[in-house]
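Everything in the sequence shown is counted per our numbering, starting at 8 for the first residue and increasing by one.
Every residue gets a Cβ at the ideal spot worked out from N, C-alpha and C, and that includes glycine.
Predicted model only: the values in this text are computed from it and were never measured.
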Amino acid sequence: MHLGGTPAISAATLTPVLFQGILLLVVPGPEDVHDAEDVRRPARVRPPRDDNWYRSTEWNDEIAGAFEAKLARARSSRLEYIRIQGVTLALQGDADEGVREVGRGLLVRFMAEIEAVGGSQARVNDGGEVLAMSLALSGRLRDAADEYWRVLRRIAECGSDSFTSGMTEVLLAEVLLQLGDPSSLAEADALLAGAEASIRRTAFFRDRVVRYLTARARVASRLGDPESASGHAHAALTVLGIEGNPFPRHPGVGVPTVDADLRVELTRLAQGLRPVAARRRSFRFPFRKGRP
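See the structure below:
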């Protein structure tokens, strides 16, 4: 009960304090007095949030049903939920092929719904590039190459590679290299040559530079050009030798991680041509050695 806006005081709420031999009863301050209703009011406990319902690494009828039910109740970000779940399933390296196929289906659904509402082609490319990656992961190289080509055509149409890795040409070249026929190798070589300017502009991402140079070395070697292969491999090894983080506040970002097998391969390609002092090498190192 409150009197005149002041909490009611009872003897039980007074605190006895001995001061110079006199027993004083101290009235507690407002912050020390709690209304009985406040004491009885239970703390509100919110149920735990299931933030992983759209990141499931497994899939079956029960999971699919729960996903669709929650998706139907989503107030916003519905398309993002579809995309994230699609990416999670489509790029599972150790998953059953059926699981990856479900992921690809969700990516196709994401792309179709973006186009249905007149969304940006750049957003469509977001799903298309991952779809191509998944197809390559499953060994469907021709299908992967076709999807990468579609992504590149949309990039040309909208004039932006936003929402992609920025490495679509390199990813496609890697698939064409796996196909290995003369036509595919020629296309890969042309794609990589055309992508050099873009790679140079973002050379601070050393992981991208190494991947690009490795692809160039492999393609040149397959095309019977050991001199160019050696030059690109030497360049890749040089970039690998650069120490430090290009982004101090984000350790590891842009830093290449190379396994022993790739380093051995690059070393072998780099040694494919013996240096000749009297002859000027035709390969030009495209990146500054001192640049992070």
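Alpha carbon of E136 to alpha carbon of R147, nearest angstrom | For this step, residue 136 is matched to residue 129 along the sequence shown. For this step, residue 147 is matched to residue 140 along the sequence shown. Those two C-alpha atoms are separated by around 14 angstroms.
Closer than 8 angstroms by C-beta to R229: which residues in its own chain qualify, once you throw out the five before and the five after it? Chain order, please.
-> Sequence index remark: in the sequence shown, residue 229 carries index 222 (1-based). Counting only Cβ-Cβ distances below 8 angstroms, and skipping sequence neighbours, we find L184, G187, L192.
Beta-carbon separation of A151 and A139 under 7 angstroms?
-> For the purposes of this step, residue 151 is taken as the residue at position 144 of the sequence shown. For the purposes of this step, residue 139 is taken as the residue at position 132 of the sequence shown. Against a cut-off of 7 angstroms, the Cβ pair of A139 and A151 comes out as a contact.
According to the Cβ coordinates, are A222 and A163 closer than 7 angstroms?
-> Position 215 of the sequence shown, counted from the first residue, corresponds to residue 222. Position 156 of the sequence shown, counted from the first residue, corresponds to residue 163. Not a contact, by the Cβ cut-off of 7 angstroms.
G279 versus T95: straight-line alpha-carbon distance, rounded = Position 272 of the sequence shown, counted from the start, is the residue given in the question as residue 279. Position 88 of the sequence shown, counted from the start, is the residue given in the question as residue 95. Each residue's alpha carbon lies about 40 angstroms from the other.
First and last residue of the alpha helix (DSSP H) that includes Y155?
-> Numbered from 1 along the sequence shown, position 148 holds the residue referred to as residue 155. From DSSP, the alpha helix (DSSP H) with Y155 extends over 148-165.
Hey, out of S237, G100, R82, whose CA is closest to S145's CA?
-> Taking the sequence shown and counting its residues from 1, the one referred to as residue 145 is at position 138. Nearest of S237, G100, R82 to S145, Cα basis: G100.
When we look at the beta-carbon of D268 and count the other beta-carbons within 10 Å, is it buried (16 or more) or exposed?
-> Indexing the sequence shown from 1 puts residue 268 at position 261. By the neighbour-count rule (16 or more Cβ atoms within 10 Å), D268 is not buried but exposed.
Look at the alpha carbon of L78 and the alpha carbon of A195, and state the distance between them as a whole number of angstroms.
-> As a working note, residue 78 is residue 71 in the sequence shown. As a working note, residue 195 is residue 188 in the sequence shown. Computed Cα separation, rounded: 40 angstroms.
Rounded separation between L159 and F211 - CA only = As a first step, residue 159 is located in the sequence shown; it is residue number 152 there, counting from the start. As a first step, residue 211 is located in the sequence shown; it is residue number 204 there, counting from the start. Cα to Cα, L159 sits roughly 24 angstroms from F211.
Buried or exposed for A43, please, with buried defined as at least 16 other CB atoms from any protein chain shown within 10 angstroms of its CB.
-> The residue labelled residue 43 in the question sits at position 36 within the sequence shown. Any reading at A43 must be qualified, since the residue scores a pLDDT of 47, below 50, and its modelled position is unreliable; the value itself is stated next. By the 10 Å Cβ count, A43 comes out exposed.
Coarse secondary structure for S169, derived from DSSP in three states | Against the sequence shown, residue 169 aligns to sequence position 162. S169: coil per DSSP, three-state reduction.
By how many angstroms is the C-alpha of G112 removed from the C-alpha of Y300?
-> For residue 300 there is no data in the structure shown, the boundaries of the chain being 8 and 299.
How would you write the range of the alpha helix (DSSP H) that Y219 sits in, first residue to last?
-> Sequence index remark: in the sequence shown, residue 219 carries index 212 (1-based). Start and end: 213-229.
Going by Cα to Cα distance, which pick from G238, R213, E234 is closest to G259?
-> In the sequence shown, the residue the question calls residue 259 occupies position 252. By alpha-carbon distance to G259, the top candidate from G238, R213, E234 is R213.
Apart from the five residues just before and just after R62, which ones in its own chain have a Cβ nearer than 8 angstroms to its Cβ?
-> Taking the first residue of the sequence shown as position 1, residue 62 is located at position 55. Cβ neighbours of R62 beyond the five flanking positions: I91, Q92, T95.
Helix, strand or coil: how does DSSP classify A81 here?
-> Residue numbering aside, residue 81 sits at position 74 when the sequence shown is read from its first letter. A81 falls in the coil class under three-state DSSP.
Per DSSP, what kind of secondary structure is V124 in: helix, strand or coil?
-> In the sequence shown, residue 124 corresponds to position 117, counting from 1. Looking at V124 - three-state DSSP - the assignment turns out to be coil, as it is neither helix nor strand.
So is G238 buried or exposed if we call it buried at 16+ other beta carbons inside 10 Å?
-> Along the sequence shown, read from residue 1 onward, the residue named residue 238 stands at position 231. With 16 or more other Cβ atoms within 10 Å, it is buried.
For R111, which of helix, strand or coil comes out of DSSP?
-> For the purposes of this step, residue 111 is taken as residue 104 along the sequence shown, with counting starting at 1. Helix at R111.
Quick one: what does DSSP say E65 is sitting in, helix, strand or coil?
-> Stepping through the sequence shown from its first residue, residue 65 is reached at position 58. DSSP places E65 in coil when its eight states are reduced to three.
How many Å lie between L276 and A224 at the Cα?
-> Here the question's residue 276 lines up with position 269 in the sequence shown. Here the question's residue 224 lines up with position 217 in the sequence shown. Here the alpha carbons of A224 and L276 stand approximately 7 angstroms from one another.
Skipping 5 residues on each side, what residues in its chain have a beta carbon closer than 7 angstroms to that of A236?
-> As a working mapping, residue 236 is identified with position 229 in the sequence shown. Excluding positions up to five away in sequence, the list reads A224, A227, S228, L276, G279.
For the alpha helix (DSSP H) holding T264, just list the boundary residues, first then last.
-> Working through the sequence shown from its first residue, we reach residue 264 at position 257. T264 -> no alpha helix (DSSP H), and no H or E assigned at all.
Do you know whose CA, among S83, A76, R116, lies nearest A97's CA?
-> Counting from one through the sequence shown, the residue named residue 97 turns up at place 90. The shortest C-alpha separation from A97 is found at R116.
Residues of its chain near E154, where Cβ-Cβ distance is below 7 angstroms and the 5 sequence neighbours each way are ignored | For the purposes of this step, residue 154 is taken as residue 147 along the sequence shown, with counting starting at 1. Counting only Cβ-Cβ distances below 7 angstroms, and skipping sequence neighbours, we find G135, L138, A139, L142.
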